[in-house]
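Residue numbers (the working numbering): 4 to 112.
Here is the structure we will look at, set down as structure tokens.
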């Protein structure tokens, strides 16, 4: 199950996220963020279970501040869904897997 998510950086964000041909859920997180660590296993599971419909990308905001700033990420965890290069949904805060899947229903349903 591990490794279902993809890691992005400021340098390859456009390639991995904005140019993707399927929806991409980007998890903006940081090493020091407890709630981010709580949500990580749920995102791994969602990435593995819904790989054909959705890509899950993790972006460490401490290592990649430009992208976080560009999208106005003020608190973490924040998850943005990108489709066709645009943010089409934002999910803020740690939630259980079922709640995240409900939020993503438009994309994975």
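Don't be surprised by glycine CBs; every beta carbon is placed ideally from N, CA and C.
Only a predicted model underlies this, so the values are computations on that prediction, with no experimental measurement involved.
Asked                                                                                                                                     : Found
Go through its chain and collect everything with a Cβ distance to residue 45's Cβ below 7 Å, but skip five positions before and after it. : 99, 100, 103
Taking the alpha-carbon positions, what's the residue 90 to residue 35 distance?                                                          : 25 Å
Taking the alpha-carbon positions, what's the residue 13 to residue 49 distance?                                                          : 24 Å
Would you mind working out which of 57, 9, 33, 32 sits nearest residue 24, comparing C-alpha positions?                                   : 57
Using the three-state DSSP reduction, which class does residue 28 fall into: helix, strand or coil?                                       : strand
Hey, could you find the ends of the alpha helix (DSSP H) residue 41 is sitting in?                                                        : 37-52
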